[in-house]
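If you count by mature numbering (1 follows the signal peptide of the UniProt record, and there is no 0), then the sequence shown holds residues -20 to -1, 1 to 338, one letter each, in order. Each residue gets a CB set at the ideal place from its N, CA and C atoms; glycine is no exception. The next block holds one structure in the form of structure tokens; read it before the comments.
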Amino acid sequence: MKKLILACMALTLLVGCHRAKESVQEQTNTDTATMDSFDDSYYKIIKTESGDSELREGFYLDYGATSDFKTIGRGLQILSSDYFSTSNHYMSEGQYLKLSLKNELVKRKSDYSLQPASGTTIGGIKDPIMLQNVQEQDYFVKDGKGYTLKGISFSLIIEPRNSDNSVLAEPMSNSDIESYGRECIQKFYNVIRQADEFKKVKDLPILITVYKATNTATSSVDGNYILKSYCQKDVGEINKVNHENVLFTSERAEQLDKTTFADFETIKRTVKNAATEAVGFVGEARYMNNEIQSMVINANLNIKSSTELMYLTSIIADAIDTKFTYDFQISVLVNSQDQLQAVIVKDKGQSSKSTYLY
């Protein structure tokens, strides 16, 4: 039963594998996920009739082991909602960017390359590989029995590497990455205007964003969006984006949010004092414009009875209800012996709710 529950949870998170028609104007015979179990910051999702499974597979292989796997897609939805409202737009996975064009974008020697030209030095690195991947999301409005495409969003994923694709010994500076990202947005919009793959959609509103991938040499969660440009038949103004994922309790967490850092430390001590054996307690928080939006906590316990499990789960739930100064979305995964045993969810403005998996 527990495995069934976990499988369902995984399927809920991994909504997708979409396919789409060739027609830009209408999509019919689609399946729609209402997303009613989510809050109104989420789009209703439609399953269309074509897509590039190889493109999705490559993205999973590149980013499945880091928080980028979730942050790239969800973050792009959040940025897109400023232009395509969640109240009347439906979202699908991308239809127009195919694997062949994506490969051209990331190769240095191709007609549509977005990599720095040969001989270029950035941040002291000669001929760096900058762009690693590109992701697309499509946005529709419902029109009778069909759906009309109204706009497209793209994420240009930058992960600086050496010319041989090896990891840099020292991270490239944020200013160098931003400078390249600005150039990349302009070059990519030119590709959209010229490439056959986009000829049916090139005049639609298009949001182009830049995502700085997690530096896996130092972190598993520090990937974040840094730039965006809303384009309507020309490159729009390129604006900075202030999104950030932070581990608790890290030096960056204390620097960014001393209050939540101190609250988290208090909760951690409360749980450790209540437990009879060692406790692992790690949080990953999402910030927008330096304000905390949500946190996922992994509580790794060493539990020897169901009574102890329920007791410690309740201790954690009570603590997150009462000891955090700020109000934000919190999810806690309670694990023991490498198995998920309970889930605690606290929605913003609400008390926490616990589910015991058995």
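Inter-residue spacing [alpha-carbon to alpha-carbon] between residue i and residue j
| i | j | result |
| --- | --- | --- |
| S72 | V262 | 33 Å |
| L(-17) | V325 | With a pLDDT of 43 at L(-17), under the threshold of 50, the modelled position of this residue cannot be trusted, and the question is left open. |
| Q273 | N222 | 13 Å |
| Q5 | Y127 | Per-residue confidence for Q5 stands at a pLDDT of 49, beneath the threshold of 50, marking its modelled position as unreliable; the derived number appears in the next sentence. Going from the Cα of Q5 to the Cα of Y127 covers about 8 Å. |
| L337 | G260 | 20 Å |
| N225 | N195 | 12 Å |
| V276 | E231 | 18 Å |
| K1 | F178 | With a pLDDT of 38 at K1, under the threshold of 50, the modelled position of that residue is not reliable, and no figure is offered here. |
| residue 343 | I132 | One cannot answer for residue 343 here, as it falls past the ends of the chain, which runs -20 to 338. |
| S3 | K125 | Confidence in S3 is poor, its pLDDT being 43 and thus under 50, which makes the residue's placement unreliable; the coordinate value appears in the next sentence. Distance between the alpha carbons of S3 and K125 is about 15 Å. |
| K82 | S17 | 34 Å |
| S99 | S153 | This sequence places Gly at residue 99; Ser is not what is there. Rounded to whole angstroms, G99 to S153 spans 19 Å at the Cα level. |
| D318 | L79 | 37 Å |
| R249 | A255 | 10 Å |
| R88 | Y291 | 57 Å |
| T90 | K167 | Checking the sequence shown, residue 90 turns out to be Ser, not Thr. So the two alpha carbons sit approximately 13 Å from each other. |
| D11 | S285 | 44 Å |
| Q174 | K238 | 49 Å |
| N253 | S199 | 29 Å |
| P140 | L148 | 7 Å |
| L85 | Y92 | 5 Å |
| S155 | I295 | 44 Å |
| D305 | T51 | First, the amino acid is wrong: residue 305 is Thr here, not Asp. So the alpha carbons of these two residues sit roughly 25 Å apart. |
| A45 | I102 | 27 Å |
| G104 | K213 | 35 Å |
| N145 | V251 | 43 Å |
| L(-10) | D176 | The predicted model places L(-10) with a pLDDT of 40, which falls under 50 and marks its position as unreliable, so this point remains unresolved. |
For residue i, the residue or residues it bridges with in DSSP
| i | result |
| --- | --- |
| M268 | H223 and E271 |
| I25 | A13 and M71 |
| D123 | G126 |
| Q309 | S274 |
| S334 | I324 |
| I132 | D118 and I186 |
| L207 | V190 and K220 |
| F261 | A279 |
| R141 | I109 and V147 |
| S294 | In the DSSP output, where bridge partners are listed per residue, S294 has none listed. |
| I58 | DSSP lists no partner for I58. |
| Q319 | S316 |
| I102 | I105 |
| F228 | G263 |
Same chain, Cβ closer than 6 Å to residue i, five either side skipped, listed in chain order
| i | result |
| --- | --- |
| T293 | V314, A322 and S334 |
| E116 | G74, L77 and F134 |
| A297 | I324, S332 and S334 |
| S143 | D107 |
| K303 | D243, T246 and I247 |
| N278 | V262 and L313 |
Residues of its chain near residue i, where Cβ-Cβ distance is below 8 Å and the 5 sequence neighbours each way are ignored
| i | result |
| --- | --- |
| A258 | N282 |
| K130 | F64, H69, Y119, F120, V121, L184 and P185 |
| Y22 | M15, Q57 and T66 |
| S316 | N280, L281, N282, I283 and L289 |
| D307 | K328 and G329 |
| F241 | F228, T229, A233 and E234 |
| C164 | L94, M110, L111, L136, I138 and V190 |
| L236 | E224, V226, Y267 and N270 |
| S47 | T194, S200, V201, G203, N225 and E264 |
Nearest-angstrom beta carbon gap, residue j and residue i [assumed within contact, 8 Å]
| i | j | result |
| --- | --- | --- |
| I247 | I300 | 6 Å |
| Y210 | G216 | 4 Å |
| K182 | I172 | 5 Å |
| E271 | L227 | Not a contact, Cβ separation roughly 17 Å. |
Neighbourhood of residue i by C-beta distance below 7 Å, restricted to the same chain and skipping five residues each side
| i | result |
| --- | --- |
| R162 | L207 and I218 |
| D42 | Q112 and N113 |
| E158 | I206 and L207 |
| R266 | N225, Q273 and S274 |
| K220 | I206 and L207 |
| S60 | Q117, Y119, S133 and L187 |
Count Cβ pairs between the segment 102 to 111 and the segment 32 to 52 that sit closer than 8 Å; are there 3 or more? no
Are at least three pairs of beta-carbons, each pair with one atom in the segment 42 to 59 and one in the segment 188 to 205, less than 8 Å apart? yes
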